[in-house]
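Peer 1:
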Amino acid sequence: MNEITLLRTHGPDGPEASVEVLTNARERLLDEFAAAPARRTPRRRTLLVAAAAVTVAVAAGVGFAVRPTDRPAEPITLVAVAVPEFPLTLRSRPAALQPPRYSYEPGRFLAVFLSNGGADDVWLSVRDDRPDRHTRTSRQVTVAGHPAELAEDDNPGGQRQFTVTWEQTSGRWVSLTGHGRFAQDGALLRLAGDVVDEPQPVPLRVRLAPRGWRVAAFKDDTILTLQGDSPGDTLAVQVVAGRDPDLLHTVMGAVEERPVTVGGRDARLVRADEMWFLQTEVSGGAVVNLQAPLRLTVEQVIAIAEQVSVTPRER
Numbered sequence: 165m166n167e168i169t170l171l172r173t174h175g176p177d178g179p180e181a182s183v184e185v186l187t188n189a190r191e192r193l194l195d196e197f198a199a200a201p202a203r204r205t206p207r208r209r210t211l212l213v214a215a216a217a218v219t220v221a222v223a224a225g226v227g228f229a230v231r232p233t234d235r236p237a238e239p240i241t242l243v244a245v246a247v248p249e250f251p252l253t254l255r256s257r258p259a260a261l262q263p264p265r266y267s268y269e270p271g272r273f274l275a276v277f278l279s280n281g282g283a284d285d286v287w288l289s290v291r292d293d294r295p296d297r298h299t300r301t302s303r304q305v306t307v308a309g310h311p312a313e314l315a316e317d318d319n320p321g322g323q324r325q326f327t328v329t330w331e332q333t334s335g336r337w338v339s340l341t342g343h344g345r346f347a348q349d350g351a352l353l354r355l356a357g358d359v360v361d362e363p364q365p366v367p368l369r370v371r372l373a374p375r376g377w378r379v380a381a382f383k384d385d386t387i388l389t390l391q392g393d394s395p396g397d398t399l400a401v402q403v404v405a406g407r408d409p410d411l412l413h414t415v416m417g418a419v420e421e422r423p424v425t426v427g428g429r430d431a432r433l434v435r436a437d438e439m440w441f442l443q444t445e446v447s448g449g450a451v452v453n454l455q456a457p458l459r460l461t462v463e464q465v466i467a468i469a470e471q472v473s474v475t476p477r478e479r
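For the sequence shown, the positions run 165 to 479 when the numbering used here is used.
1) What residue range is occupied by the uninterrupted beta strand (DSSP E) comprising glutamine 464?
2) State whether the stretch 468-476 contacts the stretch 359-375, with contact taken as three or more CB pairs (one from each stretch) at a distance under 8 Å.
3) Three or more beta-carbon pairs under 8 Å between the stretch 249-258 and the stretch 276-293, yes or no?
4) Could you pull out every unbroken beta strand (DSSP E) segment of at least 3 residues lying fully inside the stretch 286-317, listed in chain order?
5) So for glycine 344, helix, strand or coil by DSSP?
6) By a C-beta neighbour count over all protein chains shown, 10 Å radius and 16 as the cutoff for buried, is glutamine 488 buried or exposed?
7) CA-CA distance, glutamine 443 and valine 465?
8) If we call anything under 7 Å between Cβ atoms a contact, is glutamate 421 one with leucine 411?
9) Using the C-alpha atoms, what's the distance from alanine 450 back to serine 339?
10) Quick check: what's the CA-CA separation for valine 404 versus glutamine 304?
11) Rounded to the nearest angstrom, what separates alanine 418 and leucine 355 at their Cα positions?
12) Can you give the Cα-Cα distance for glutamine 348 and asparagine 319, rounded to whole angstroms?
13) Please classify leucine 412: does DSSP put it in a helix, a strand, or coil?
14) On a Cα-Cα basis, can you pick out the residue from Trp330, Asn453 and Gly448 that is closest to phenylalanine 441?
15) Roughly how many angstroms separate the alpha carbons of alanine 223 and glycine 309, rounded to a whole number?
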């Protein structure tokens, strides 16, 4: 019997089952419960993001159970999506600073340059509006011909830090914050003079997503989330240290797990109560976790995963 015949006969639109059939099914189920040994359910951790309850749509013939009442709210179409690029770069990055790590939220983009010694970090921020200042002292300076404000930030009990802020173009406010050796007027202003317009692609990217979904945030080059119009419409990708050998007991609400292939590589797909959870290795060797609403099909989840890339960090 193929899937179509199976659904027509036993699916939500099929004929009602007789009393005899229902009675026999109930008796078999009770017998199975009585014969099954009692076991303790392991505690499961919540990974990455908590998915909201959504209407579930699982395609027939993909190896997971289909609940008859589950129907998609509307068809989902996958389209190309672009991850924002950081618009600036340090033309001459000091040898003491590591390559930047990027974070993003609507209206603000941040590049953090950690230092090899751990005390001389630099933060480069781009915002759509002028940032609020909480400072001890400030003075007017010039950065690349633009009026700017140089200030020592209030940071009670913390490391001394200086910030210089200027409006680089209309509606684009840039702030450069220095710690340690860069928390000095001269050193920070010389670094600010090396900030130039040169977009930088972020290492973690996804190139396919449901139509209308947009990048909501990413954090420290390791977590990327896309959001649709509904609260439950969240797609999340996270770079992790390595494969988890027991996803079925790690993913919260996990129901079933199956092997799949993503870009020719072995992967694991879990159906949980409120989400799909896929773990796979991408080109270059990075391992990523992907969470998606259940109203996406298995094929769509795999197609999205095949368009995830992680650029190896510079040394």
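For glycine and all other residues, C-beta sits at the position ideal for the given N, C-alpha and C.
Peer 2: Reading off the structure:
1) Along the sequence shown, one-based indexing puts residue 464 at 300. First-last for glutamine 464: 462-469, but that is the alpha helix (DSSP H), not the beta strand (DSSP E).
2) yes
3) yes
4) 286-291, 299-307 and 310-317
5) Within the sequence shown, numbered from 1, the residue matching residue 344 stands at position 180. In this structure, glycine 344 counts as helix in the three-state DSSP scheme.
6) With the chain covering 165 to 479 only, the question about residue 488 has no answer from this structure.
7) For the purposes of this step, residue 443 is taken as residue 279 along the sequence shown, with counting starting at 1. For the purposes of this step, residue 465 is taken as residue 301 along the sequence shown, with counting starting at 1. Roughly 11 Å separates the two Cα atoms.
8) What you label residue 421 is simply residue 257 of the sequence shown in a count that begins at 1. What you label residue 411 is simply residue 247 of the sequence shown in a count that begins at 1. Cβ distance < 7 Å, so glutamate 421 and leucine 411 count as in contact.
9) Numbered from 1 along the sequence shown, position 175 holds the residue referred to as residue 339. Numbered from 1 along the sequence shown, position 286 holds the residue referred to as residue 450. So the alpha carbons of these two residues sit roughly 32 Å apart.
10) Residue numbering aside, residue 404 sits at position 240 when the sequence shown is read from its first letter. Residue numbering aside, residue 304 sits at position 140 when the sequence shown is read from its first letter. In a straight line, the C-alpha of valine 404 is about 44 Å away from that of glutamine 304.
11) Here residue 418 refers to the residue found at position 254 when the sequence shown is read from its first residue. Here residue 355 refers to the residue found at position 191 when the sequence shown is read from its first residue. Whole-angstrom Cα-Cα distance: 50 Å.
12) By 1-based counting over the sequence shown, the position of residue 348 is 184. By 1-based counting over the sequence shown, the position of residue 319 is 155. The straight-line gap from Cα to Cα measures roughly 15 Å.
13) As a first step, residue 412 must be located in the sequence shown, where it is residue number 248. In the structure shown, leucine 412 sits in a helix (DSSP, three-state: H, G or I).
14) Your numbering for residue 441 matches position 277 in the sequence shown. Nearest of Trp330, Asn453 and Gly448 to phenylalanine 441, Cα basis: Asn453.
15) Indexing the sequence shown from 1 puts residue 223 at position 59. Indexing the sequence shown from 1 puts residue 309 at position 145. Model confidence at alanine 223 stands at a pLDDT of 32, short of 50, so the residue's coordinates are unreliable; what they give is reported in the following sentence. When rounded, the distance between both Cα atoms is 59 Å.
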